[in-house]
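Heads up, the thing below is written out as structure tokens.
Protein chains: 2
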Amino acid sequence: MDSTFVVGIDVGGQTSKIGVVDARGTVLAQTVIRTDTYDKVEPFVAELAEAVNKLIKESGTEGKVRGIGVGAPNGNYYTGTIENAPNLKWAHERVEFSKLLSKAMGGLPVALTNDANAAAVGEMTYGAARGMKNFIMITLGTGVGSGIVINGEVVYGHDGFAGELGHVAAVRNNGRTCGCGKTGCLETYASATGVARTAREWLELSDEPSVLRSLDTIASKDVYEAAKEGDKLALKIFEFTGKILGRSFADFIAFSSPEAIVLFGGLARAKEFLTEHIENAMNENVLPLWRGKVKIVYSQLKESDAAILGASALAWEL
Amino acid sequence: MDSTFVVGIDVGGQTSKIGVVDARGTVLAQTVIRTDTYDKVEPFVAELAEAVNKLIKESGTEGKVRGIGVGAPNGNYYTGTIENAPNLKWAHERVEFSKLLSKAMGGLPVALTNDANAAAVGEMTYGAARGMKNFIMITLGTGVGSGIVINGEVVYGHDGFAGELGHVAAVRNNGRTCGCGKTGCLETYASATGVARTAREWLELSDEPSVLRSLDTIASKDVYEAAKEGDKLALKIFEFTGKILGRSFADFIAFSSPEAIVLFGGLARAKEFLTEHIENAMNENVLPLWRGKVKIVYSQLKESDAAILGASALAWEL
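From first to last, the protein sequence lines are chains D and U.
Start counting the first sequence at 1; every next residue gets the next number (the working numbering).
Start counting the second sequence at 1001; every next residue gets the next number (the working numbering).
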């Protein structure tokens, strides 16, 4: 067992989680700081570095930390920059995040990528994709993110931004408008937000009875609770969501022929209502040579640790 | 300059082309043998080996050939096998092609992949993709094939069959039936055959005047000739074909963020009528961050040499 450690940082819109992690994927210590109280990147990085140093001290790993891995929205692996991140006030313009943090940490190396790529590395290092060389990580949260692994390496592409599978065309004609400016994107249907949109749309368009009718606002969690009670409309919403996911997955398979597709995120908790429909649609829409051969698996990382673990896993590759 | 040579073999349904190639991509000598007169793989490989040996002798490269690269339908890079190839009578069952050929050639190493992957390696080694680390090769022939290059390496996936982009969903509802058993596949619209299908469909569904109406049978070449004469229907057929291609390319970009998409094959000759429509549809359907940034380029290999060069390029990696 290697006796060195890494630090994982998950930068989110409101808070950033920090953890010290060992080679087995145990989070020895963790803490949280605010992200949204800063307008400029420099004071944020200064506080981040202070929190990291404190955590290293507390966990007794001083002098044994090999590097820092960071998962952040629009994080670019090649350049170490964050840019055009709508939810980070201090990163509307391009910021040299890795460089600034490394400097503030006395030269400790820093690796940066987006959250979904970090999740893929985390799953490959500690989770459901251990031993896999070719898989696709799909994060089903507020949006749909993806991290693609080919030959044991995350695909970053020509510019560092590869793997935006939430924005492939799930519906070509008359599709839902997406935050990105396009229509019909996968994430407008198959994210937590997408499930809630489907529910609101279907409640308005039909008279079908459903426990969801009694609610003022509907979140994907409500649809999940309703499905657990056997609500037929809620079950049909997950069937539809699974079908949309499965037929997009069929196209992803034609691209990189993965061993598995790994699902993670809030919506993945509804696996009991999704898996069968995903698999059916995927196998109906894929070339015969792959029918029944690509596994749908779910993240094996503890949800509270997953973001930190994913980011930390990047640092082992430094 | 390296003074070694390689052999490239392009196995087609009717004939197989063989060439001896130098490191600059010059085909020093080439020949052709029949593929379709054999029911079993062994006698075919025996004749192939004889033809290769004769060619090596004629080109004065005896003792200087480093290896053999083979492009063949359903060729599997990992296993060196060909299987389920509908157009090769001797490869309906799985055949150990690389092993057999290497043995017949006295142990010379053999690398095998499918035609589109070979084309991608050829373009990267000698053609339009020289210096590129991330691009997607699309072959527009009777069908649509693809070879995906990420970080300078062809993507073979978990099983060796990655890169079947001719069979992603171009049209989800009421799409054309495809030879693969699915409907709406990209190649039913955007291949030479697809263009001819579009022409026949549109001629039947409208009364629009067109020089194509006077023909008994229509091939994509006829549509191209008509477009060159300014025939409006023919021009609209290429506009439609370009649009179908462009919007699928937008999804491919979301996957691997390539520097360029390289087009090759019979239909690519119609570039004057396709490029603008491909680029427009691609840029309309891609995330803003890639708008106007991904190049559409055309193969730079001489068409008569391209298949041999592609296959031969594989052998440099042996």
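Positions of the beta carbon are idealized from the N, C-alpha and C atoms, including for glycine.
Values in this document were obtained by computation on a predicted structure and should not be read as measured data.
List the residues of chain D whose Cβ lies closer than 8 Å to the Cβ of residue i, in chain order.
| i | result |
| --- | --- |
| GLU1187 (chain U) | Here the premise fails: no neighbours, minimum Cβ distance about 11 Å. |
| ASN1285 (chain U) | ALA169 and LYS182 |
With distance defined between alpha-carbon atoms, name the residue in the options nearest to residue i.
| i | options | result |
| --- | --- | --- |
| ALA1051 (chain U) | U:GLN1030, U:LYS1040 and U:GLY1067 | U:GLN1030 |
| ASN74 (chain D) | D:LYS243, D:SER146, D:PHE249 and D:ASN53 | D:SER146 |
| THR217 (chain D) | D:ALA250, D:LEU100, D:THR193 and D:MET282 | D:THR193 |
| VAL65 (chain D) | D:VAL110, D:THR35 and D:ALA91 | D:VAL110 |
| ILE33 (chain D) | D:GLY25, D:PRO43, D:ARG24 and D:VAL27 | D:PRO43 |
| LEU235 (chain D) | D:ARG247, D:GLY246 and D:ASP222 | D:ASP222 |
| ALA1128 (chain U) | U:LEU1314, U:LEU1108 and U:LYS1295 | U:LYS1295 |
| ASP1022 (chain U) | U:SER1059, U:VAL1041, U:SER1191 and U:ALA1049 | U:SER1059 |
| LEU1108 (chain U) | U:VAL1195, U:GLY1008 and U:VAL1144 | U:GLY1008 |
| TRP1316 (chain U) | U:ILE1261, U:ALA1049 and U:GLY1069 | U:GLY1069 |
| ILE1244 (chain U) | U:SER1312, U:LYS1017, U:ALA1116 and U:LEU1186 | U:LEU1186 |
| PHE1255 (chain U) | D:GLY166, D:TYR38, D:LEU233 and D:ARG94 | D:GLY166 |
| ALA1085 (chain U) | U:LEU1289, U:ASN1285, U:LYS1103 and U:ASN1114 | U:ASN1114 |
| LYS103 (chain D) | D:GLY152, D:ASP207, D:ALA49 and D:TYR38 | D:ALA49 |
| ALA199 (chain D) | D:ASP231, D:ARG130 and D:GLY71 | D:ASP231 |
| GLY1175 (chain U) | U:VAL1195, U:VAL1168 and U:GLY1184 | U:GLY1184 |
| SER1248 (chain U) | U:LEU1215, U:GLU1284, U:ALA1270 and U:ARG1269 | U:GLU1284 |
| LEU1314 (chain U) | U:GLN1014, U:VAL1154, U:ARG1197 and U:LYS1017 | U:VAL1154 |
| LYS182 (chain D) | U:ALA1250, U:ARG1197 and U:LEU1028 | U:ALA1250 |
Looking at the C-beta of residue i, does it have a partner C-beta in chain D at a distance below 7 Å?
| i | result |
| --- | --- |
| VAL1155 (chain U) | yes |
| GLU1303 (chain U) | no |
| GLY1008 (chain U) | no |
Would you check if the distance between the CB atom of residue i and the CB atom of residue j is smaller than 7 Å?
| i | j | result |
| --- | --- | --- |
| GLU1123 (chain U) | MET1137 (chain U) | yes |
| LEU20 (chain D) | THR81 (chain D) | Here residue 20 (chain D) is Val; the residue named in the question, Leu, does not match the sequence. No. |
| GLY242 (chain D) | HIS277 (chain D) | yes |
| LEU287 (chain D) | GLU1083 (chain U) | no |
| ALA307 (chain D) | ASP10 (chain D) | yes |
| TYR77 (chain D) | TYR156 (chain D) | yes |
| PHE273 (chain D) | PHE238 (chain D) | yes |
| LEU263 (chain D) | SER220 (chain D) | no |
| ASN1280 (chain U) | HIS158 (chain D) | no |
| VAL149 (chain D) | ALA120 (chain D) | yes |
| LEU1140 (chain U) | GLY1265 (chain U) | yes |
| ALA1226 (chain U) | LEU1205 (chain U) | no |
| GLY143 (chain D) | SER191 (chain D) | yes |
| TYR298 (chain D) | ALA270 (chain D) | no |
| GLY1071 (chain U) | ALA1118 (chain U) | yes |
| ILE253 (chain D) | TRP290 (chain D) | yes |
Quick one: list the residues of chain D neighbouring residue i, beta-carbon separation under 7 Å, in chain order.
| i | result |
| --- | --- |
| GLU1239 (chain U) | Those within 7 Å of GLU1239 (chain U) in chain D number zero; the least Cβ separation is about 17 Å. |
| GLU1259 (chain U) | HIS158 |
When DSSP builds the beta bridges, which residues end up paired with residue i?
| i | result |
| --- | --- |
| GLU153 (chain D) | D:ILE150 |
| ILE1082 (chain U) | U:GLY1075 and U:VAL1095 |
| LYS1295 (chain U) | U:ALA1260 |
| GLN14 (chain D) | GLN14 (chain D) pairs with nothing; no bridge assigned. |
| ARG34 (chain D) | D:THR15 |
| CYS340 (chain D) | Lying outside 1 to 318, the shown extent of chain D, residue 340 (chain D) is not represented and no answer is given. |
Is any heavy atom in the ligand FMN found nearer than 6 Å to the beta carbon of residue i?
| i | result |
| --- | --- |
| VAL144 (chain D) | Only the bare structure without any ligand can be found here, which leaves the ligand FMN out of the picture. |
Identify the contact partners of residue i in chain U, using a Cβ-Cβ distance below 8 Å as the criterion.
| i | result |
| --- | --- |
| PRO288 (chain D) | CYS1180 and GLY1181 |
Which residues of chain U have a Cβ atom closer than 9 Å to the Cβ of residue i, listed in chain order?
| i | result |
| --- | --- |
| ARG247 (chain D) | ALA1169 and ARG1172 |
| ALA162 (chain D) | ASN1134, ILE1150, ILE1253, ALA1254, PHE1255, SER1256, SER1257 and PRO1258 |
| LEU165 (chain D) | ASP1251, ALA1254 and PHE1255 |
Is there at least one Cβ from chain B nearer than 7 Å to residue i's Cβ?
| i | result |
| --- | --- |
| MET1132 (chain U) | Considering every chain present, this structure includes no chain B. Its protein chains are D and U. |
Looking at chain U, is there any beta carbon in it that lies within less than 7 Å of the beta carbon of residue i?
| i | result |
| --- | --- |
| MET1 (chain D) | The predicted position of MET1 (chain D) is uncertain, since its pLDDT is 46 and thus under 50; a value taken from the coordinates is nonetheless stated next. Cβ-Cβ to chain U under 7 Å: no for MET1 (chain D). |
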